[in-house]
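Following: one structure in structure tokens, then a few remarks.
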Amino acid sequence: MSLSASGTLPQVLLLTFLAALGCGLRAEAARSVSFYKSAESGVLDLRYDDIPRHLQDQISELGFSVAVADTPNLAVASAFVIPAQNGASFFSTAEDMTAIASYVTAGGLVVMLDAKDGNGEAQRDFIATALGYQGEWNLCKTFGCNSHHSHGQPSVDEHAQAFLPAAVWPAQLEDAQITTVHTWCRHEDASAVSWPLYRVHGDSNKAVAQAFGKVGSPGAVVWLGYSWKDGAQAEWGAMLREVIEQFGNGGYQVPQQGNAAPRQEEAAVDSVIAEVSNIVDDSSDIPPPPAHKRTSPRPPAPAKIDKSPKPSPVPTPSPSKPAKFAKFKGLYGMGMYFNNKTQPAVRPEPHLLEFECGTLTPGSCVQCPRTWAAETSRNVTILFREPWQLDAIHITQLQNPGVLVIDLLPWPAVSIDGLVDKKGKPVPPMPGTLPPPIRNVTVDTSLCSTTLDVILPTGRAGTSLAVAPKGTQGSIPDSLKSTVYGGVNIIVKPQGNRANTNIQAVTFDGRALYPADPNFYTGNDVRVYG
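For the sequence shown, the residue numbers in mature numbering (1 follows the signal peptide of the UniProt record, and there is no 0) are -29 to -1, 1 to 501.
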């Protein structure tokens, strides 16, 4: 049946209006971003750090409409952003990954940052689940971050253009803290696709930003190595704007072929990671394999063999003796004492690991956003993950020096996973402190931008005492117990109306008893445990 002349124009106008409305909704969604900011499931700890706000603010400043959401909706926003996961749980285990996978399958973009813990596990689990990869990661490991030294300024990788061909990629990104470097992550799923977007040292296998897709799927996941700890960055922001805009405007071409990595790449990268991370500091200590001997031709068999003699038993090599102790100098603490939903824990605390705050001039009082400041508390408790004896404690203060009291904590100060005594029983934490304080003054006369050196007397240090070979971390010999520490507690002066006391770093000299990995403590480089 044909349309009447009188009804044709209104219907055409209606269809034109609906088409325009649909385009408008898509355009609005392309300029809208859903931002994950829930602290209920433990993925984010907004009391511990407010990094998510830095990222949320920059996305808003880029001109996007930002709405907080626990799960994404493609009709509302074409991009879903997950900030640095600084809580006790990973998003992939605490939140609804079915909703994420559906969103990506429908053509959504997820931008995710790393988790504070797990060495990339949060990234690997999330990406594989969101994109429906089957199998294992052939290659996806971390080289560490730039907390203590730069990995170099990131530059755009040649693979970025393949991900979003029309994007205008910034040539370089800021070497902002904290930025994590990963290998080029490749999955064994034949349909998996990944592109390094930015790299350091001109090496695609040292990536600080990567994109992931799947053959035939219109959605993608982008991982960014910068945590936004340093706040908004012009070039990181420009890159993020290009990714969200280009993807939302249809600039992503659905992959037609995967680029899974061959298995043999993993061993090669492992050796590079070991070298970069100083896992083994002196390869000369490792004996070379025995030389291969050529075998002589087999002699002719005798005419008659009565009975073959029993072969001589192969001697069992004697096991290497575990190290009794390992000395160190300039080592950072392993974590802070804090309360979560269940119990205190040992976790890294960036504010008590040294950051670059510029050249320090003794006597010059300066502020640095990366230091610990006495804003809401005068107490700082630093924990050790292994039993330490201490020779010295070094505290660098940038502003209003005020370290009055330093208490030593017994070992272990908190519950340590896997710590058992010789009978296999868990070792409970020891309450309180070990009096008297190692420092107890009413006035701190230190100058700004200098280091306060607190030297322990011989009786408190214990580093000259003999270490019995039969002891363990869970069964410290009685002769050493009074000089073995599980942490320190630092108390600063009341702040009053003056600028807050700023502590840039706390480091320790001493030795670890019965270390799990003695190689960690070797060498002269300053290290952070775990």
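We put the CB at the ideal spot given by N, CA and C, even for glycine. As the structure is a prediction and not an experimental result, all values here were calculated from the model.
Have a look at the options and flag the residue whose alpha-carbon is nearest the alpha-carbon of residue i.
i: residue 530; options: Asn411, Ser118, Ser60; result: Nothing can be reported for residue 530: it is not among the residues displayed for the chain, which extend from -29 to 501.
i: Asp88; options: Leu102, Thr151, Pro141, Val127; result: Thr151
i: Asn230; options: Asp41, Thr64, Ala65, Ala161; result: Ala161
i: Cys419; options: Ala439, Gly445, Thr330; result: Thr330
i: Ser450; options: Thr443, Val459, Gln444, Ala437; result: Ala437
i: Pro381; options: Gln370, Arg349, Gln444; result: Gln444
i: Thr154; options: Asp28, Leu144, Trp194, Ile71; result: Trp194
i: Val75; options: Ala101, Gly58, Pro54; result: Ala101
i: Phe183; options: Ser198, Gly196, Pro167, Ser73; result: Pro167
i: Tyr7; options: Pro54, Gly222, Ser63; result: Pro54
i: Thr332; options: Val186, Gly301, Leu369; result: Leu369
i: Lys298; options: Arg18, Thr493, Tyr197; result: Thr493
i: Phe491; options: Leu302, Lys185, Gly395, Leu26; result: Leu302
i: Val4; options: Arg18, Ser121, Val39; result: Val39
i: Tyr104; options: Met83, His25, His158, Asp41; result: His158
i: Thr347; options: Thr454, Asn473, Ala10; result: Asn473
i: Pro215; options: Glu92, Gly395, Phe51, Tyr169; result: The sequence as given places Ile at residue 215; Pro does not occur at that position. Per the Cα distances, Phe51.
i: Pro189; options: Val164, Met401, Asn460, Thr42; result: Val164
i: Gly304; options: Lys396, Val351, Gly106, Gly123; result: Val351
i: Ala48; options: Leu361, Ile387, Phe218; result: Phe218
i: Phe61; options: Leu45, Asp16, Ala46; result: Asp16
i: Ser63; options: Gly389, Val414, Ser12, Tyr456; result: Ser12
i: Thr422; options: Asn109, Lys394, Pro428, Gly334; result: Gly334
i: Thr429; options: Arg170, Gly481, Trp140; result: Gly481
i: Gln56; options: Ile387, Ile377, Lys295, Ser198; result: Ser198
i: Leu26; options: Gln181, Lys300, Met83; result: Met83
i: Ala70; options: Cys339, Arg349, Asn44; result: Asn44
i: Ile377; options: Pro402, Leu427, Ala147; result: Leu427
i: Ala137; options: Asn90, Glu213, Asp146; result: Glu213
i: Met401; options: Ala205, Ala345, Lys393, Ile387; result: Ile387
i: residue 590; options: Val179, Asp146, Tyr223; result: Because the chain here runs from -29 to 501, residue 590 falls outside it and cannot be looked at.
i: Ser121; options: Gly106, Val179, Glu107; result: Val179
Give me the Cβ distance between residue i and residue j, rounded to the nearest whole Å; I'm assuming they're in contact under 8 Å.
i: Val37; j: Val192; result: Their Cβ separation, rounded to whole angstroms, is 19 Å, which puts Val37 and Val192 out of contact at 8 Å.
i: Ile366; j: Gly458; result: Ile366 to Gly458, Cβ: 14 Å. No contact.
i: Val425; j: Ala363; result: 6 Å
i: Glu476; j: Asn371; result: The amino acid occupying residue 476 in the given sequence is Ala; Glu does not appear at that position. Not really, about 16 Å apart at Cβ, beyond 8 Å.
i: Val225; j: Gly196; result: Not confirmed; about 26 Å, so no contact.
i: Gly79; j: Val14; result: Their Cβ separation, rounded to whole angstroms, is 19 Å, which puts Gly79 and Val14 out of contact at 8 Å.
i: Val455; j: Ile447; result: 5 Å
i: Val391; j: Pro397; result: 6 Å
i: Asp85; j: Ala93; result: 7 Å
i: Leu375; j: Thr413; result: 7 Å
i: Asn117; j: Ile149; result: 7 Å
i: Ala345; j: Gln466; result: 6 Å
Could you give the first and the last residue of the continuous alpha helix (DSSP H) run that contains residue i?
i: Ser63; result: 62 to 65
i: Asp174; result: First-last for Asp174: 174 to 185, but that is the beta strand (DSSP E), not the alpha helix (DSSP H).
i: Gly208; result: 205 to 219
Start and end of the beta strand (DSSP E) containing residue i?
i: Glu107; result: First-last for Glu107: undefined, no H or E at that position.
i: Tyr456; result: 456 to 463
i: Phe491; result: That residue, Phe491, is in no beta strand (DSSP E); it is neither H nor E in DSSP.
i: Met68; result: Run containing Met68: none in the beta strand (DSSP E); it sits in the alpha helix (DSSP H), 68 to 76.
i: Asp378; result: 374 to 381
i: Asp28; result: Premise fails: Asp28 lies in the alpha helix (DSSP H), 22 to 32, not in any beta strand (DSSP E).
i: Arg482; result: 473 to 484
i: Ile366; result: 350 to 370
i: Trp194; result: 191 to 195
i: Ala55; result: Element bounds for Ala55: n/a, residue is neither H nor E.
i: Lys300; result: 296 to 303
i: Leu84; result: 80 to 84
i: Ser5; result: 3 to 6
i: Ser36; result: 36 to 39
Any beta carbon from chain D within less than 8 Å of residue i's own beta carbon?
i: Asp378; result: The displayed structure is made up of one protein chain only, and chain D is not part of it.
Cβ contact (3+ pairs, closer than 8 Å) linking the region 171 to 179 and the region 117 to 131: Between the region 171 to 179 and the region 117 to 131 there are three or more C-beta pairs closer than 8 Å, enough to call the two in contact.
Inter-stretch contact at 8 Å, needing at least 3 Cβ pairs: the region 402 to 419 / the region 432 to 439: Pairwise C-beta distances place the region 402 to 419 out of contact with the region 432 to 439, as fewer than three of them are shorter than 8 Å.
Stretch-stretch touch, CB-based, cutoff 8 Å, three pairs: the region 481 to 495 with the region 349 to 364: Yes: at least three Cβ pairs fall under 8 Å.
Cβ pair count under 8 Å reaching 3, the region 131 to 140 against the region 105 to 118: Contact between the region 131 to 140 and the region 105 to 118 is absent, because fewer than three Cβ pairs lie under 8 Å.
Contact between the region 26 to 37 and the region 204 to 213 (3+ Cβ pairs under 8 Å): Output reads yes: the region 204 to 213 touches the region 26 to 37.
Whole runs of the beta strand (DSSP E) within the region 408 to 443, excluding any shorter than 3 residues: Within the region 408 to 443, the runs of beta strand (DSSP E) that reach at least 3 residues and sit entirely inside it are, in chain order, 421 to 426.
Runs of alpha helix (DSSP H) wholly within the region 91 to 174 (minimum 4 residues, chain order): Listed in chain order, the alpha helix (DSSP H) elements of length 4 or more contained wholly in the region 91 to 174 are 92 to 102, 131 to 134.
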